[in-house]
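Participant:
Number of protein chains: 2
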Amino acid sequence: MTRRAFHHQPEAVRQHDLIAATLDSIAELGLAGATVREVAYRAGVTPGLIRRYFDNKEKLVAAAYRTFISDLIAMAAAGCGDGSALSRLAGLIRASVTAPVADGRTLSIWAAFIGTVHSDPLMAETHREGYQAFRDLIERLVREAMAERGQPVSPAEQRRLGIVLNALLDGLWIEISMGGDDFAEIDVVRIALDSVATVLGIDPAEFREE
Amino acid sequence: MTRRAFHHQPEAVRQHDLIAATLDSIAELGLAGATVREVAYRAGVTPGLIRRYFDNKEKLVAAAYRTFISDLIAMAAAGCGDGSALSRLAGLIRASVTAPVADGRTLSIWAAFIGTVHSDPLMAETHREGYQAFRDLIERLVREAMAERGQPVSPAEQRRLGIVLNALLDGLWIEISMGGDDFAEIDVVRIALDSVATVLGIDPAEFREE
DNA sequence: TCTGAAATTATACACTTGATTAATTAGCGT
DNA sequence: ACGCTAATTAATCAAGTGTATAATTTCAGA
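Listed in order, the protein sequences are those of chains A and B. The first sequence begins at 1 in full-length UniProt numbering and counts up by one. The second sequence begins at 1 in full-length UniProt numbering and counts up by one.
Take a look at the structure:
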């Protein structure tokens, strides 16, 4: 007849835990499985508590999407290092096609969220921001790398290269993360670096060394 | 007090209508909005009837996914025409980055389904089949096109090119279909053809003519 | 040590969902 | 024209959903 024991937690911690539990639920059970009760259970908390930290379930999911995307881009960007622009670009590519960015769990969460973008304005806005941020990152690296090589590109060409490279990286990321195939046997990093170099008109052998 | 009038329909028609209604629901309301009642309403039918043609809602959704993917690949393949292998490859690319393949509605449905693949074995199997079919199509076209040009590729190289081209097309398809940006101003077909040509080591100007 | 405010739980509600079943209707074969 | 089978509707159910609120517990500050 006694209530379960509990501890007070700072707001930031509880919000973080709830978001983490939401992402876990989505990864394992899909978006439909991320019910208020399931999330609360995984966070070691009672369903009602969620409402103290998030107005809606909708708000909770949106917040989870925001942190997920922001973390994802941060992980990719972290692979850049701090060398030349060309080596930073190579680093971004490496990070994009290897764990933890390219990963089944990550893809599952991304896919679940993407499925909501079209019919949910709140999710659409969050998506747009993340997409923009990633393509800006790519475009900047391309511009700096080409300038560094003494082959500066026009704004239009920079935009075109941004579109193509973004598509190429996204596609490879999905393909590898999905990974029904035995990508383990294949050197995905080399494939990614070589194809990007080819698109940029850089000698693949040279780019590989970066 | 009279019941609503109705008409008997052959099994194939009803199944088709129900699947179409399911896809419409998903496109407009997302997967969560594709309830039994919503689908029935759009099909001009009563909820209970669905169970006569599909064991589960799960089976209905899986069937919708199967026809969706199969139609999508058929639409892309229809762009190939029946000329040389190189021109068929160019046709596939054109079709992949223009409507009705590259299209907001199509992407929305695809995204909704993709979000379920990881947590639903039935959907996973359907996905695998469609993915396999599309990459086989690309690999075959690449092999034939390169052989036709007197530059036959090894199996390993063919596989590598298949991976890269598939990624590139998928990525472009998503980017264009999402279309938050003003892709209307940009010649996406030219971008797609040029980048594929570059990856294949073919002169873009030549490929563009195909 | 005690008290009050904040955090957390417990309980309940209204609603939607997918599923089930019996009653009714349509339309083909005879 | 008519009956019979299959198709369709109507009505209902149990389970699960997000949400609301009151009762309880924790814990910092006096």
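We treat Cβ as the ideally placed atom computed from N, Cα and C, and that holds for glycine.
Output the boundary residues of the alpha helix (DSSP H) element that contains B/Ser-25.
Facilitator: 11-29
Participant: Can you give me the Cβ contacts of B/Phe-68 inside the same chain, cut-off strictly under 8 Å, excluding the 5 residues immediately before and after it?
Facilitator: Leu-23, Ile-109, Trp-110 and Phe-113
Participant: Taking Cβ-Cβ distances shorter than 9 Å, what residues in chain B pair up with A/Ser-108?
Facilitator: Gly-115, Val-117, His-118 and Ser-119
Participant: Does the distance from the CB of A/Val-153 to the CB of A/Arg-140 come in under 8 Å?
Facilitator: no
Participant: State buried or exposed for A/Gly-201, treating a residue as buried only when at least 16 other CB atoms are found within 10 Å of its CB.
Facilitator: exposed
Participant: Note down, in chain order, every chain B residue with its Cβ under 7 Å from the Cβ of A/Ser-195.
Facilitator: Val-164 and Val-199
Participant: How would you list, in chain order, the residues of chain A whose beta-carbon sits under 9 Å from the beta-carbon of B/Glu-28?
Facilitator: His-118 and Ser-119
Participant: Among residues of its own chain, excluding the 5 on either side of B/Met-75, which ones have a beta-carbon nearer than 7 Å to its beta-carbon?
Facilitator: Once the five neighbours on either side are set aside, the close Cβ partners of B/Met-75 are Ala-95, Pro-100 and Val-101.
Participant: Applying the criterion that 16 or more other CB atoms from any shown protein chain within 10 Å of the CB defines a buried residue, is A/Asn-166 buried or exposed?
Facilitator: buried
Participant: What's the gap between the Cα of B/Ala-64 and the Cα of B/Ala-205?
Facilitator: 40 Å
Participant: Are the Cβ atoms of A/Thr-198 and B/Val-199 separated by less than 8 Å?
Facilitator: yes
Participant: Report the neighbours of A/Ala-99 on chain B: residues whose CB is nearer than 9 Å to its CB, in chain order.
Facilitator: Those do not exist, as A/Ala-99 stays about 16 Å from chain B at its closest Cβ, beyond 9 Å.
Participant: What are the start and end residues of each continuous beta strand (DSSP E) run of 3 or more residues lying completely inside the segment 114-169 of chain A, in chain order?
Facilitator: The DSSP assignment places no complete beta strand (DSSP E) segment of no fewer than 3 residues inside the segment 114-169 of chain A.
Participant: Which residue's Cα is closest to the Cα of B/Ala-5: B/Thr-126, B/Ala-12, B/Thr-46 and B/Arg-135?
Facilitator: B/Thr-46
Participant: Is A/Gly-179 close to chain B? Criterion is C-beta to C-beta, closer than 8 Å.
Facilitator: no
Participant: Between the alpha carbons of A/Arg-14 and B/Ala-133, how many angstroms are there, rounded?
Facilitator: A straight line joining the alpha-carbon of A/Arg-14 with that of B/Ala-133 spans about 46 Å.
Participant: Is the Cβ-Cβ distance between B/Ser-87 and B/Glu-210 less than 8 Å?
Facilitator: Inclusion of B/Ser-87 and B/Glu-210 in the CB contact set at 8 Å is warranted, their separation being smaller than that value.
Participant: According to the neighbour-count rule (16 or more other Cβ atoms, all chains shown, within 10 Å of its Cβ), is A/Asp-203 buried or exposed?
Facilitator: exposed
Participant: Give the residues of chain A in contact with B/Ala-20, contact being defined as C-beta atoms less than 9 Å apart.
Facilitator: Per Cβ cutoff of 9 Å: no residues; B/Ala-20 is ~18 Å from chain A at best.
Participant: Taking the alpha carbon of B/Ala-192 as the point to measure from, which residue in A/Gly-150, A/Leu-168 and A/Val-188 has its own alpha carbon closest?
Facilitator: Of all alpha-carbon atoms in A/Gly-150, A/Leu-168 and A/Val-188, the one lying nearest the alpha-carbon of B/Ala-192 is that of A/Leu-168.
Participant: Where does A/Thr-116 land, buried or exposed, given buried means 16+ other C-beta within 10 angstroms?
Facilitator: buried
Participant: Would A/Ile-93 count as contacting chain B if we go by Cβ distances under 8 Å?
Facilitator: Taking 8 Å as the CB threshold, A/Ile-93 stays off the interface with chain B.
Participant: Using the beta-carbon count (16 or more within 10 Å), is B/Thr-126 buried or exposed?
Facilitator: Looking at its Cβ environment, which holds 16 or more other Cβ atoms inside 10 Å, B/Thr-126 is buried.
Participant: On the premise that A/Ser-25 lies in contact with A/Arg-51, defined as a C-beta separation below 8 Å, what is that separation, rounded to the nearest angstrom?
Facilitator: 17 Å between Cβ atoms; not a contact.
Participant: Where do the N-terminal and C-terminal ends of the alpha helix (DSSP H) with B/Glu-209 fall, by residue?
Facilitator: From DSSP, the alpha helix (DSSP H) with B/Glu-209 extends over 204-209.
Participant: Distance cutoff 8 Å, beta carbons only. Does A/Glu-175 sit that close to anything in chain B?
Facilitator: At least one chain B Cβ lies under 8 Å of A/Glu-175.
Participant: For B/Phe-207 and B/Tyr-53, I'd like the C-alpha separation in whole angstroms.
Facilitator: Straight-line Cα distance between these residues: approximately 48 Å.
Participant: Report the residue from A/Leu-92, A/Glu-129, A/Val-97 and A/Arg-3 whose alpha carbon sits nearest the alpha carbon of A/Ala-62.
Facilitator: A/Glu-129
Participant: Excluding five sequence neighbours on each side, which residues of the same chain lie with their C-beta closer than 8 Å to the C-beta of B/Asp-103?
Facilitator: Ser-177
Participant: Among the residues of its own chain, which have a CB less than 7 Å from the CB of A/Lys-57, if the five just before and after it don't count?
Facilitator: Val-36
Participant: Here's the rule I'm using: 16 or more other beta-carbon atoms within 10 Å means buried, otherwise exposed. How should A/His-8 be labelled?
Facilitator: exposed
Participant: What residues in its chain sit with their C-beta under 7 Å from that of B/Arg-135, if we drop five residues either side in the sequence?
Facilitator: Answer for B/Arg-135: Gly-162 and Asn-166, listed in chain order.
Participant: Between A/Asp-136 and chain B, is there a C-beta pair that is closer than 8 Å?
Facilitator: No, because no Cβ of chain B sits closer than 8 Å to the Cβ of A/Asp-136.
Participant: If you measure from the beta carbon of A/Asp-103 to each beta carbon in chain B, is any gap under 8 Å?
Facilitator: no
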